[in-house]
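Working notes, structure below.
Residue numbers (our numbering), protein chains in the order written: chain A, 234 to 588; chain B, 188 to 462; chain C, 2 to 317.
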């Protein structure tokens, strides 16, 4: 069974800790996406799994075998690199067969495996071409093909779509999703693009500053972010945050002295500092004013049917709300924003989710 | 209109300078194919059927060991290029790819040789070559030239190796290649253009050098063509046909090689030395 | 560097060391034995005096240097060679490098036709052996053949002709100019490449600002290629103070007439090997080589720590 288990993984360069106490289980056949801002350690974690970076402490097991001290080739992994890393001096066949040749795989077996991968990826007409004669999307497929022929326990993808243009990226994303189903493969996939993460993953791992902030199903992360970082990272445009103080059991006072009646967890005491979060798509211009914020319209960005209104509060903070159709207002006008009570998020002073 | 005039002026100056650069060389080559009377009587004309003569070349190839000097030069140059490229690429790979305590220091150690001319150590080089019993051998020249050219070769090749994407080397590691195989099967094929540059870069000074052949292999038939021609010129100083033919014999192969490799050479000059 | 064992996962320390030795040892050994060791040994040699009668070495500290700089037998030729070498260098700096700069500036003009042809042909003499070039010019300047005289006469300047190479006052200058002629290609190519690296938009911007081609060159391009000019200067310095072949080929080890073309390289050769006038002297040869080493080192250090430090490098 090709399960990946990471326990207490720690990695440092000199005095700089790049990965701090990471714990993660990638179940057999799961598609796990590591996501986070650049420099968060997601690629380093992937490279540690691959064996391209030594780890400082902790254990990595793949398929029940501890691989800490095994070189990449003995870990039964295959990696698809961001730049594809195709050998420019070999043709497509040569690229796919290269690793197998060095593993002393018999020639007929190599041919069979390459033919199979080429069939799956529709690379058959391209086998004699050099990488430079291929388009970006074709190179991408060769890179995946090179991974497939190794029949690895785990596929590792390092930002594989970031060098493709927007249209091709969506196509390839769908292809990768299909491939995952077809091969029933275990995949660990790194990206900084939350759309890729949301659409591909069985399980998303959000990382920040070398730590795993939250692990969970895509929609769980969206609806129940565990902390301010995840709340702000997942979703676009980002969730709005408002600093607030608990007034009593059901009232919050915002920085500009507006009061909001929201359901508060039983444990909160008057005077607690909290952060109120609400996604732009869960706000609406106008409304009855029971759960509403007042401000001034700054600008309205129209994207077509939907758009975003930037509303400036008395504190100077700008709140972004999604608008549909004609917002019926214009910059400079005063505005009321209604919030959906079920879609509010509360975080305590340390940034952890309340309730 | 003004643009036209200045363009003509620029072409005029460049054309004149080109003539100045080529004139002495062409003069010698043309006159080497003439009779002695024509050399002195009409030095500025091309050889005509009536003034054409190969008497100088007969002298050069008949009376001396020019043929074997060519062989020596080719062997020394080829040997030097081979070891400079192989050892240089190996060291450049290790210095760029692997982390170890003395890495920076070792790179610095190699870079001494870029700025300090190895000639200054000639006294000790001779003593060393004598004690190794390598005097008047091509081996001695190859070893010294390899030592002389390694620093720049390592420097240039390192820059090229550093440009090979990290992903590529790691893909090879995932593919199960040993570090040795990564070097020989991935790195070497990929830096071929850079190696061609270094080869041309190494070839010219080695082929043209007078100093070390004079010091290390001045006699015994192991002279290089440059030294051989120099010695030949000393002997036949008054035989103008022979002198001109000998000079042309030394010039023409280099010019042919230059025409073939000038692109590599100029790329080498520009990629390696400027940084 | 943090990794105590290896940067490669799953490789033991011994295997890693073997790997490093495999890749580094050949270059390190050849380079150390045939380049660094001889340099050090030469410096070391210069601290000893060799007695040919007893075949023994005596440690004399800086004694050889004192002899070289003060004993007139040695100091007169030494200072003569040093002065000549400075002249040799000065001529290269004031003739070769400006011509190289001018040629490079012309070659880098936009929309110039035949650019590659000019570049290749002008660089051609640089390819040839100094020995050959020296001899070619010796023939051309020879009164016997009379090519140079014929040329001057064509322009009505025949009276200017003199056997320049044979005269004490002009031999060094003539040889220097021949060397300039041969090596002008090097500054030309280096500066040319630096000029090509300057983005065309910068010159367009200068044109929009009202500068003409020449002004744009002086005020925009020249400041940007100063680092290259610094590099060209130090290369010229090192090559000049290490020169030997041309003078040996044209004038022999005696660098005559009357040592008027003697430079450090020929002095070193003559001292070490001896000649018609004196016996070879390894100790003094080493001492002169060490002096050359010191001179070159001073030049390189000045370049690295003074010139290069102050120069701003730009990347585009």
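No residue lacks a Cβ here, since even glycine has one placed at the ideal position from N, Cα and C. Because the structure is a prediction, the values reported are computed rather than measured.
**Item:** Exposure label - residue 492/A; buried when at least 16 CB within 10 Å
**Value:** exposed
**Item:** Distance between residue 510/A and residue 501/A (C-alpha atoms, nearest Å)
**Value:** 16 Å
**Residue nearest to residue 373/B in terms of C-alpha spacing, selected from 507/A, 322/A, 515/A and 388/A** = 322/A
**Request:** Give the single residue among 539/A, 248/A and 269/A whose Cα lies nearest to the Cα of residue 431/A.
**Result:** 269/A
**Request:** Could you list which residues in chain B have their beta carbon closer than 8 Å to that of residue 311/A, in chain order?
**Result:** 361
**Prompt:** Excluding sequence positions up to five away, which residues of its chain have a Cβ less than 8 Å from the Cβ of residue 406/B?
**Reply:** 323
**Request:** Can you give me the Cβ contacts of residue 261/A inside the same chain, cut-off strictly under 7 Å, excluding the 5 residues immediately before and after it?
**Result:** 234, 235, 236 and 419
**Message:** Residues of chain A with CB closer than 8 Å to the CB of residue 12/C, please, in chain order.
**Reply:** 304
**Message:** Does any residue of chain B have a CB that is nearer than 8 Å to the CB of residue 258/C?
**Reply:** no
**Asked** At which residues does the beta strand (DSSP E) containing residue 252/A begin and terminate?
**Response** 249 to 259
**Item:** Residue of 273/C, 186/C and 217/C minimising C-alpha distance to residue 452/B
**Value:** 186/C
**Prompt:** Between which two residues does the beta strand (DSSP E) carrying residue 518/A extend?
**Reply:** 516 to 518
**Request:** Take every Cβ of the stretch 332 to 349 of chain B, pair it with every Cβ of the stretch 294 to 309 of chain B, and state whether three or more of those distances are shorter than 8 Å.
**Result:** yes
**Message:** Considering Cα atoms alone, identify which of 241/C, 246/C and 223/C is closest to residue 194/C.
**Reply:** 223/C
**Message:** Quick check: the stretch 477 to 494 of chain A against the stretch 503 to 519 of chain A, are at least 3 beta-carbon pairs closer than 8 Å?
**Reply:** yes
**Request:** Tell me where the alpha helix (DSSP H) around residue 244/A begins and ends.
**Result:** Premise fails: residue 244/A lies in the beta strand (DSSP E), 237 to 246, not in any alpha helix (DSSP H).
**Check whether residue 436/B and residue 317/B have beta carbons under 8 Å apart** = no
**Item:** Touch test, the stretch 265 to 279 of chain B against the stretch 330 to 337 of chain B, Cβ-Cβ under 8 Å, three pairs minimum
**Value:** yes
**Prompt:** How long is the line joining the alpha carbons of residue 284/B and residue 249/A, rounded to whole angstroms?
**Reply:** 21 Å
**Asked** Closest Cβ-Cβ distance between residue 4/C and chain A: below 8 Å?
**Response** Note on residue 4/C: pLDDT 37, under 50, position unreliable in the model; no value is reported.
**Item:** Through-space distance from residue 309/C to residue 76/C, alpha-carbon basis
**Value:** 34 Å
**Item:** Min CB distance residue 285/A to chain E below 8 Å
**Value:** The structure shown contains no chain E; its protein chains are A, B and C.
**Item:** Distance CB(residue 178/C)-CB(residue 395/B) smaller than 8 Å
**Value:** no
**residue 494/A - containing beta strand (DSSP E), residue span** = 492 to 494
**Message:** Just to confirm, is the Cβ distance from residue 446/A to residue 424/A under 8 Å?
**Reply:** no
**Message:** Can you tell me whether residue 312/A is helix, strand or coil according to DSSP?
**Reply:** strand
**Prompt:** Which residues of chain B have a Cβ atom closer than 8 Å to the Cβ of residue 263/C, listed in chain order?
**Reply:** Within 8 Å Cβ-Cβ: nothing; residue 263/C doesn't reach chain B, min ~16 Å.
**Message:** What would DSSP say about residue 197/B, mapped onto helix, strand or coil?
**Reply:** helix
**Prompt:** So residue 348/B is in the alpha helix (DSSP H); what residue range does that whole segment cover?
**Reply:** 325 to 350
**Request:** Flag residue 382/B as yes if its beta-carbon sits less than 8 Å from any beta-carbon of chain C, otherwise no.
**Result:** no
**Request:** Would you identify the three-state DSSP class for residue 273/A, choosing helix, strand or coil?
**Result:** coil
**Message:** I'd like to know if residue 195/B contacts chain C, where contact means its C-beta is closer than 8 Å to some C-beta of that chain.
**Reply:** no
**Message:** What does the alpha-carbon distance come out to for the pair residue 297/C and residue 225/C?
**Reply:** 27 Å
**Message:** I need the straight-line Cα distance from residue 6/C to residue 281/B, nearest angstrom please.
**Reply:** Legend: pLDDT at residue 6/C = 36, less than 50; position of this residue unreliable, no value from coordinates given.
**Request:** For residue 283/B, name the three-state secondary structure that DSSP assigns.
**Result:** helix
**Request:** Flag residue 356/B as yes if its beta-carbon sits less than 8 Å from any beta-carbon of chain C, otherwise no.
**Result:** no
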